[in-house]
Amino acid sequence: MEVRLQKFIADAGIASRRKAEELILSGKIKVNGVVVTELGTKVDSQKDEIEYNGKEIKSVQKFVYIMLNKPEGFVTTVKDQFNRPTVMDLIKGVNERVVPVGRLDYDTSGLLLLTNDGELTFKLTHPKNKVEKVYIAKLFGKPNDQNIQQFKRGVNIDSGTTQPAKLEIIEDLGKYCLCKITITEGKNRQIRKMCDAIKHPVATLKRVATGEVEIGELKRGSYRYLTDKEIKYLKDL
Numbered sequence: 024m025e026v027r028l029q030k031f032i033a034d035a036g037i038a039s040r041r042k043a044e045e046l047i048l049s050g051k052i053k054v055n056g057v058v059v060t061e062l063g064t065k066v067d068s069q070k071d072e073i074e075y076n077g078k079e080i081k082s083v084q085k086f087v088y089i090m091l092n093k094p095e096g097f098v099t100t101v102k103d104q105f106n107r108p109t110v111m112d113l114i115k116g117v118n119e120r121v122v123p124v125g126r127l128d129y130d131t132s133g134l135l136l137l138t139n140d141g142e143l144t145f146k147l148t149h150p151k152n153k154v155e156k157v158y159i160a161k162l163f164g165k166p167n168d169q170n171i172q173q174f175k176r177g178v179n180i181d182s183g184t185t186q187p188a189k190l191e192i193i194e195d196l197g198k199y200c201l202c203k204i205t206i207t208e209g210k211n212r213q214i215r216k217m218c219d220a221i222k223h224p225v226a227t228l229k230r231v232a233t234g235e236v237e238i239g240e241l242k243r244g245s246y247r248y249l250t251d252k253e254i255k256y257l258k259d260l
């Protein structure tokens, strides 16, 4: 059966669909020995030979879904040009080639999903699907009602106005305040920029849930495979 080239690459666990489109447009993909740069190209995994970096891409036979409790100090990439530790260093026991679903900043911890299911990666990261991501943030000072309303309306940051978000006060710690923040986007350092904009910078930030999939008691730096129930929930979103 023929599928679009970018979908085949994503399903093979090489990259997300958007990243796969970049690989095609930059001339890094060959089909039957010929460089292809047209996003509409369709391929048949049974008949066509697809290559990336000189190696044939095989269609994935088994999808895996992993939850990692990412510590601070790791970058959310497969490889890092500055040789910093990456999240891939934390899942050494996984034999399948997986990629992170979205990103967590270097200095942000918590729930990070990894998979070789390109279709699910695309679904969870595309802004139009508005999948909620929940964070626990320790902020300097205490946001007021006006700040909370700013989050509900959308906060103006350098990349434009954010989608409506939720800011809930959990506990007043004096100099700091513990808050629950829910967003549906994944812009670069978005929560930190939103909190800077309301004059309550982030001290620490941890993602604790994607939709209803929660990090629970998973230890820092550890990973586990998602349950069948969690996988079904994410696919049904």
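The sequence shown runs 24 to 260 under the working numbering. Positions of the beta carbon are idealized from the N, C-alpha and C atoms, including for glycine. What you are looking at is a predicted structure, and each value in this text was computed from that prediction instead of being measured.
Provide the residue span of the alpha helix (DSSP H) that contains residue i, from first to last.
i: Lys30; result: 28–34
i: Lys146; result: 141–148
Nearest to residue i by CA position, among the options, is which residue?
i: Lys156; options: Gln186, Ile73, Asn179, Ser245; result: Gln186
i: Leu113; options: Thr184, Gly125, Phe105, Asn92; result: Asn92
i: Glu208; options: Tyr158, Leu162, Asp140, Pro166; result: Tyr158
i: Thr233; options: Gln173, Glu194, Val101, Ile254; result: Ile254
i: Asn211; options: Val231, Ala43, Val98, Leu260; result: Val98
i: Thr250; options: Val236, Arg107, Lys102; result: Val236
i: Tyr248; options: Val117, His149, Gly133, Asp195; result: Val117
i: Gln172; options: Gly183, Leu143, Ile221; result: Ile221
i: Lys153; options: Ala188, Phe174, Gly183; result: Ala188
i: Tyr139; options: Val101, Phe105, Leu162; result: Note that residue 139 is Asn in the sequence shown here, rather than Tyr. Considering only alpha carbons, the answer is Val101.
In whole angstroms, what is the alpha-carbon distance linking residue i and residue j?
i: Val122; j: Cys218; result: 29 Å
i: Asn170; j: Met111; result: 37 Å
i: Lys65; j: Leu127; result: 33 Å
i: Pro94; j: Asp130; result: 8 Å
i: Phe86; j: Gly164; result: 44 Å
i: Arg41; j: Asp168; result: 38 Å
i: Lys30; j: Tyr199; result: 45 Å
i: Gly125; j: Gly77; result: 26 Å
i: Gly141; j: Gly239; result: 25 Å
i: Thr205; j: Gly244; result: 23 Å
i: Ala160; j: Ala226; result: 7 Å
i: Glu191; j: Gly56; result: 55 Å
i: Lys115; j: Lys252; result: 25 Å
i: Gly63; j: Glu25; result: 12 Å
i: Asp103; j: Gly177; result: 32 Å
i: Tyr75; j: Lys242; result: 36 Å
i: Gly133; j: His149; result: 20 Å
i: Asp71; j: Lys81; result: 11 Å
i: Lys258; j: Asp34; result: 14 Å
i: Cys223; j: Phe174; result: The sequence shown places His at residue 223, rather than the Cys named in the question. So the alpha carbons of these two residues sit roughly 13 Å apart.
i: Lys229; j: Leu196; result: 17 Å
i: Glu44; j: Val58; result: 14 Å
Following the continuous beta strand (DSSP E) through residue i, name the residue where it begins and the one where it ends.
i: Phe163; result: 156–163
i: Arg247; result: 246–248
i: Asp259; result: Taken as a continuous stretch (DSSP letters only), Asp259 belongs to no beta strand (DSSP E), being part of the alpha helix (DSSP H) at 251–259.
i: Ile47; result: No beta strand (DSSP E) holds Ile47; the alpha helix (DSSP H) holding it covers 40–48.
i: Ser68; result: Note, Ser68: premise wrong, no beta strand (DSSP E); not H, not E.
i: Leu269; result: Because the chain spans 24 through 260 in this model, residue 269 falls outside it and cannot be assessed.
i: Lys53; result: 52–54
Is the beta carbon of residue i sitting closer than 7 Å to the one on residue j?
i: Arg120; j: Gly50; result: no
i: Leu48; j: Thr60; result: yes
i: Leu136; j: Met90; result: yes
i: Cys202; j: Ile214; result: no
i: Lys151; j: Ile180; result: no
i: Val3; j: Ile32; result: There is no way to answer for residue 3, as the model of the chain reaches only from 24 to 260.
i: Ser39; j: Thr144; result: yes
Contiguous beta strand (DSSP E) assignments of at least 3 residues, all confined to the segment 75–126: 88–93
Which runs of the beta strand (DSSP E) spanning at least 3 residues fall entirely within the segment 171–246, listed in chain order? 189–195, 199–206, 225–233
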